[in-house]
Structure formats: C-alpha cells, structure tokens
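J.:
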Amino acid sequence: MTRTELDTKTRAWLTLRLTPGLGARSMRRLLERFGSPEAVLRAGGRDLETVPGLRRQAKEALGRKRTLRPVEEEWEALRRRGWGIVCLDDDDYPQNLKTIPDPPPVLYVTGPLEPRDLVAVAVVGSRFASPGGLLFTERLCADLARRGVTVVSGFAVGIDTAAHRGALKAGGRTIAVLGCGLDVIYPKPNRDLRSRIAQGGALVSEFPLGTPPLAGHFPMRNRIISGLCLGVVVVEAADRSGSLITARLALEQGREVFAVPGMARHFRSSGPHRLLRQGAKLVESAEDILEEISPMVRPSWSLPESQPGGEGRGDDKELSEEAQRLLGLLCREPIHVDQICRNGSFSAARAMALLLELEMKGLVRQLPGKYFVRL
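Counting from 1, position 119 in the sequence shown corresponds to residue 516 in the numbering used here; the numbering is continuous, with no gaps.
1) Taking 8 Å as the cut-off, is the C-beta of Val437 nearer than that to any heavy atom in the ligand GTP?
2) If you run the structure through DSSP and keep just helix, strand and coil, what is Arg484?
3) Looking only at C-alpha atoms, which of Gln492, Pro509 and Gly508 sits nearest to Pro389?
4) If contact is defined by three or more beta carbon pairs under 8 Å, each pair taking one atom from either stretch, is the region 618-629 in contact with the region 526-542?
5) Can Ile572 and Asp514 be called in contact, C-beta distance under 9 Å?
6) On the DSSP bridge list, what partners appear for Gln675?
7) Excluding the five sequence neighbours on either side, which residues of its own chain have a C-beta within less than 6 Å of the C-beta of Gly597, listed in chain order?
8) Going by the CB atoms, is the gap between Leu575 and Val549 shorter than 9 Å?
9) So who's on the other strand from Gly460, going by DSSP bridges?
10) Based on the DSSP secondary-structure assignment, which residues constitute the bridge partners of Val630?
11) Is there contact here, the region 677-684 with the region 643-656, by at least three beta-carbon pairs under 8 Å?
12) I need the straight-line Cα distance from Gln650 to Ala542, nearest angstrom please.
13) In this structure, how does DSSP classify His733 when only helix, strand and coil are distinguished?
14) Counting along the chain, where does the beta strand (DSSP E) carrying Leu600 start and finish?
15) Taking the beta carbon of Met757 as the centre, do at least 16 other beta carbons fall within 10 Å, making it buried, or is it exposed?
16) Using the Cβ count rule (16 or more neighbours within 10 Å means buried), how would you classify Gly613?
17) Under 9 Å between the Cβ atoms of Leu764 and Arg771?
18) Suppose you measure from the CA of Ser523 to the CA of Arg739; what does that come to, to the nearest Å?
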C-alpha cells in the first residue's frame, strides 16, 4: 500500500530523498552499504567516507541531518492533497521498475499503483506531432487499454498527451511520469488531463514537491517511463529527441523497442526510421505490440480480447442528404476543412455547421488545426 502514515521508516526514506546532493544512484550505494534508510541516517562521517561516488554536499548534509525542507512539512503537504509515497522496499513498488540499475528509491504518487501495471507499455513521441500522429496514438493506446495494458507516458504535449487520452477514453489505466514535483502544474494546457489521470490511473514523480521542470530532469524521468514497462513505442520523433533517449534506455534495461513508420524524409519520421533500421519492431496496430509482449507476461495473466469501445456513434442514415455527402468526403486520414470545402463545394460556414453536427453524432472528430477525420 502507498505509505499514508509518517512512521519511523517512512520518515527515514523521506529524509534521504530530501537530502541535498543525494540522487538515486547514491541512495542505492548507501542502502547497499548500510542495509536500510534508518541505518544510513545512523552512519557516522567515517562510515560515509567508505561509500564510493558520494558527493561532499551529501556527506555534509547527512552528517548535519540537513534536508531541503523539514520532513514533517513535506509529509503534511502530501497528506493534505491525499497523495503518498511508495518506497523501494514496499510490496507495491512497481516490479518492472525495481529491476532497472538505478530505480528511484522513493516515488511520489497520486492514485494507486496496481499489480496489473506489470503489463504496461510506454508510448512516447514528439511534442510537435502531426494530426495523423496524434490520432494514430490515441487509437493505438485505446486498443492497448481495452486489452488490459497499462499505458505509460511522460505527460508532455503532443504524442504523450494523446497516449494518456486514448487509454482514458477506452476506460483503461494510464500512468503519467513527471519531470517535476507532483504539485507543479506542467505543462499548463494539461491541467484538466491531470485530474482525469488521477482518477483513472496514477501520476508519478521521483522529485520532491515544488521541484521545477528543469531540462536535466527529463532524461531522469525517461528511465522511469521505460523502467515501468515491458516495451516502449516511439510514434513520431526527430533524430535527436528525448523519445530516442527513452528508447535507448529501454534497450539498456532489456525492454522491447517498437517504432511506428512515417513519411519518408520527414523530420518527424527520422527517429522511428532510425530505430527500425537498428532492429526495433515495426508497429501498425496494437496487435504488433501484443504479439511481442504476451510471452513476457506470466502465464496466469491473460490479456482480454479487444472489445469495441469508445463513445457511441450515431446512425448516418438519419443524416440529411447534405450531411451524408460531406461525410462521404471524409476518411480515417485527417483532412483540412479547406480541402473539404473545395471537394464538396461547401462554403466555410456551411461546412463547419455540418461538421459540428457530425461530430455531435460521434461520426467525425476535429483535430488541432481544423483537420477532421471520420470515426
């Protein structure tokens, strides 16, 4: 269970996490040397000198029992919000994450971490995704969620956001891994999504409350994204991007790496195409992923068959002749409203009115930039 009481052990874990200059690897070395967080805090200066790679700042802070802020203050801030922490020695610490070389000893969490999260797949990609990439990601993650897979991503705008939304839309679980403190709203456009994830999954961070989203935090976050999962899917990404860092970390952690092919010579396709050349598994549907991860899942765990889900759709027979004509111009690939107007000889105002009607009936969907797709 997530720790909700400040007992002696919880206090010791939080004290270590709030010690300046002490990161996950240093904490791991200290725990290997002394055996428990309580024993670390009892260690004297000479004992600490025997721990390799420990920063002087951390040694001095441990010797003087100095933390970034009082442990009681951090705990009270968590308690007020109904949040908690999960520590490396807890039964509900994520089993996949525990196997990586440098698991975060303390996770700040909103929402429960559940045994079924063992069957998890990360889906990551560009913050500047195309409308088609966003739509593909949402559908892919909805299909995975319907099959009982927990979808993990990094809560950034773009592909990450689409991944979380797809899982939630299908009524499945999703975990968002943050590169800042749990109480820091970042990115701000995702404020509402944050609340929905807290209800239908969990938000996770290794950073203390109040930690800003600094650039150096995101590679650290990425190792948790890949560490929580059986595999990582890259949808759209430039050749040098955080998503490829996540893919590299996944390989180092022994995870599967998947990539979604895109348009030749397009900058958003360069990252996935590079991964495919290096041996990543090609993904065109959720089945491509499920075929690879099913053998990794313990035999007692069965992935449910995909069920038709999502929002109810209207009957296109009930539409006016004009609305049916416009619907016939749409397909599963995004089309801009200007192209719809040209192809169907509609005025912009009339096209938007008909598209709104179709969207209300669940037959089409509007994407960013006034693109539309048929559902």
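For each residue, glycine too, the CB sits at the ideal point set by N, CA and C.
Keep in mind it's a predicted model, so treat the numbers as computed, not measured.
T.: Quick look at the numbers:
1) No copy of the ligand GTP occurs in the structure displayed, which carries no ligand at all.
2) With the sequence shown as reference, residue 484 is identified as Cys, and Arg is not the correct amino acid for it. In the structure shown, Cys484 sits in a strand (DSSP, three-state: E or B).
3) There is simply no residue 389 to check, as the chain begins at 398 and stops at 772 in what is shown.
4) no
5) yes
6) BP columns for Gln675 are empty, so no partner.
7) Leu565
8) no
9) Per DSSP, none; premise fails for Gly460.
10) Val520 and Phe655
11) yes
12) 23 Å
13) strand
14) Gly598 to Ser602
15) exposed
16) exposed
17) no
18) 31 Å
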